[in-house]
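Take a look at the structure below.
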Amino acid sequence: MALLRFILIIGIIYYLFKFLFKAFFPVIVKKTFDKMQNNQQQQHYQQKPEGEVTVEKNMTHKEKHDTKNVGDYVDFEEIDD
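Numbering (this note's numbering), first residue to last: 1488 to 1568.
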């Protein structure tokens, strides 16, 4: 009797979750899409006027690379067949 009750509860939970997912998933996706669209429109309006140029530098890599120990130089010759 306990096993039948357990299976019945699991079935009810499964179908309830399935129903709620079908009901709320489209709403969540629509809200997310609208939010992304609004962010894109705000970025579009914040652009500079045409003809104005700005250079933005990425300052995350401040260290210089050591080019002395990059590798060995290999001299080669072309061989005629």
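Positions of the beta carbon are idealized from the N, C-alpha and C atoms, including for glycine. These numbers come from a predicted model, not from an experiment.
A direct Cα-Cα distance of roughly 40 Å separates Pro1536 from Phe1512. DSSP, read as helix, strand or coil, puts Asn1526 in helix. Residue state for Phe1504 is assigned as helix, using DSSP reduced to three classes.
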